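Reviewing the structure listed below.
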Ligand code: PXL
C-alpha cells in the first residue's frame with residue numbers, strides 16, 4: 009500500500025509557511041498528504057500585523073470520529089504549529105489512526121532567535137514536551153530546544169563563542185531524554201560561515217553543514233521539516249533526510265535572496281525541481 013502522511017499545522021493563507029509549504033513539498037516527494045488544519049490565519053505572524061486567527065480545536069474531535077468510522081489510517085504524522093489545547097487531541101489522533109509502525113515526526117514550532125512566537129505563552133513548551141516524548145523524530149531549532157529543556161538560549165554563535173560542540177551534544181542528549189527516538193537539531197554552527205544540523209539517535213551524533221546564507225528568512229523551518237518528512241517517508245535514513253532538508257532550504261533561499269521585495273517567505277516553489285531530481289535520481 010502507498011504511504012499516507014497526516015500533517016497537523018495551521019493554514020496561513022498567505023506567507024509560504026506551514027500547510028502551504030507542507031502540502032506541495034510532501035506531495036512532490038510522492039507521498040499522499042492528508043491535512044488537519046490546526047487554525048486558519050490570514051497570514052503568518054512573523055512580520056505581518058492585524059492578521060486574523062481562527063482556532064480549529066473544536067473541529068478536531070469530530071474529524072477524528074469521522075475518520076474512525078471510515079477506518080482512515082496513516083503511515084506517518086508530521087505536526088507543526090499547534091496550540092496547547094490541541095496537544096492531547098493530537099496524541100489521541102495519533103494513537104487511534106496509526107498504521108503499524110507509523111512514523112511520528114514532531115516539529116515543536118514555537119520560537120526562533122531566542123523568543124517565543126506571538127501567541128505562545130510560557131506554559132506552552134512544557135506541554136510540547138509531551139508531544140516530543142512519543143516522537144520518532146523531533147526537529148527543534150536551538151531556541152525551541154532551550155524552551156523545551158527550560159534552559160537559557162545560548163545565542164546564535166554567529167561569530168563563534170556562544171557555545172561549543174560539548175554544549176550541543178549535551179543538548180542532544182537532554183532532548184533525547186524527553187523520550188523521543190531521534191533528534192535533529194537545526195541552526196547549529198561551530199565556525200563563522202557554516203550552518204547546519206546535528207542528528208542524534210541515542211548512540212551517535214552526526215553533523216551536516218552548508219555555507220551560511222547570511223540572511224534570516226521566514227518559513228525555512230517549515231520548508232526543512234516538510235522535505236525531511238517526505239524523504240524519511242520515502243525510506244531515506246535520518247542522516248540522508250536531514251541533509252536533503254538542509255540542501256533544499258539552501259536552494260529555496262538562493263532562489264529568494266536577490267528579490268528584495270520578497271520579505272515574508274522563501275520561494276521554495278522554484279526549488280521543487282531540485283528536490284524532485286534529488287529524490288528520484
Ligand atoms: O513558520 C512557523 C510558523 C507557522 N505558522 C504560523 C507562524 C509561524 C512563524 O511565525 O506565524 C502562523
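Numbering (the numbering used here), first residue to last: 9 to 289. The beta-carbon is built from N, C-alpha and C at its ideal position, and this holds for glycine as well. Given the structure is predicted, the values throughout are model-derived calculations rather than measurements.
| field | Same chain only: Cβ atoms within 6 Å of residue 253, ignoring 5 sequence neighbours per side | value | So the qualifying residues of the chain are 232, 235, 236.
| message | Just checking residue 21 against the ligand PXL - is the residue's beta carbon closer than 8 Å to any of the ligand's heavy atoms? | response | Distance from the C-beta of residue 21 to the nearest heavy atom of the ligand PXL is not below 8 Å.
| query | Alpha carbon to alpha carbon, what distance is there between residue 264 and residue 3? | reply | Since the first residue of the chain shown is 9 and the last is 289, residue 3 is not available in this structure.
| query | DSSP state of residue 265, grouped into three classes? | reply | Collapsing the DSSP output to three states places residue 265 in coil.
| query | Does the beta carbon of residue 161 fall short of 8 Å from some heavy atom of the ligand PXL? | reply | No, the ligand PXL has no heavy atom inside 8 Å of this Cβ.
| When every heavy atom of the ligand PXL is checked, does at least one fall within less than 8 Å of the C-beta of residue 17? | Taking the Cβ of residue 17 as the reference point, at least one heavy atom of the ligand PXL falls within a distance shorter than 8 Å.
| CA-CA distance, residue 101 and residue 169? | One Cα belongs to residue 101, the other to residue 169, and the distance between them is close to 43 Å.
| said: Quick check on the burial criterion: 16 or more other C-beta atoms within 10 angstroms. Buried or exposed for residue 190? | reply: A buried status is given to residue 190, since no fewer than 16 other beta-carbon atoms sit within 10 Å of its beta-carbon.
| message | I'd like the list of long-range same chain contacts for residue 92, defined as Cβ closer than 6 Å, with 5 residues on each side in sequence excluded. | response | Once the five neighbours on either side are set aside, the close Cβ partners of residue 92 are 132, 135.
| message | Which residue wins for smallest C-alpha separation from residue 40, given the options 80, 60, 153? | response | The candidate whose alpha carbon is nearest that of residue 40 is 80.
| With distances taken between CB atoms, is the gap from residue 45 to residue 17 smaller than 9 Å? | Going by C-beta atoms, residue 45 is nearer than 9 Å to residue 17.
| field | Length of the line joining the Cα atoms of residue 130 and residue 241 | value | Their backbone Cα atoms lie some 33 Å apart in a straight line.
| task | Could you say which of 29, 94, 27, 220 lies nearest to residue 195 if we only look at CA atoms? | result | Sorting 29, 94, 27, 220 by C-alpha distance to the C-alpha of residue 195 places 220 at the top.
| What are the start and end residues of each continuous beta strand (DSSP E) run of 3 or more residues lying completely inside the segment 58-142, in chain order? | Taking only runs of at least 3 residues, the beta strand (DSSP E) segments lying wholly in the segment 58-142 are 61-63, 82-87, 106-114.
| field | Cutoff 6 Å; reference residue 282; Cβ partners in own chain excluding five residues on either side | value | Sequence-distant partners of residue 282 (beyond 5 residues in either direction) whose C-beta falls short of 6 Å from its own C-beta, in its chain, are 259.
| Does the ligand PXL have even one heavy atom less than 8 Å from the beta-carbon of residue 53? | Flag set: Cβ of residue 53 near the ligand PXL.
| field | Contacting residues, own chain, Cβ-Cβ under 8 Å from residue 141 (five flanking each side not counted) | value | Hits under 8 Å: 186, 187, 188.
| message | Check this for me: beta carbons of residue 156 and residue 96, under 9 Å apart or not? | response | Annotated as distal: residue 156 and residue 96, with beta-carbon spacing of 9 Å or more.
| Taking DSSP as the reference, what is the three-state secondary structure of residue 49? | DSSP places residue 49 in the strand class (E or B) of the three-state scheme.
| query | Considering only the beta carbon of each residue, do residue 171 and residue 163 sit closer than 9 Å? | reply | Using a Cβ distance threshold of 9 Å, residue 171 and residue 163 count as a contacting pair.
| query | Taking just the CA atoms, how far does residue 77 sit from residue 230? | reply | Rounded to whole angstroms, residue 230 to residue 77 spans 31 Å at the Cα level.
| Closest Cα partner of residue 207 within the set 227, 125, 147, 61 | Of the listed residues, the one whose Cα sits closest to residue 207 is 147.
| request: Following the continuous alpha helix (DSSP H) through residue 31, name the residue where it begins and the one where it ends. | output: Counting along the chain, the alpha helix (DSSP H) containing residue 31 begins and ends at 27-36.
| said: Considering only heavy atoms of the ligand PXL, does any lie closer than 8 Å to the CB of residue 49? | reply: For the ligand PXL, a non-hydrogen atom lies closer than 8 Å to the CB of residue 49.
| message | Just to confirm my understanding: we take residue 166, look at its own chain, exclude 5 residues before and 5 after, and list those with CB closer than 8 Å. What are they? | response | Correct list, in chain order: 197, 200.
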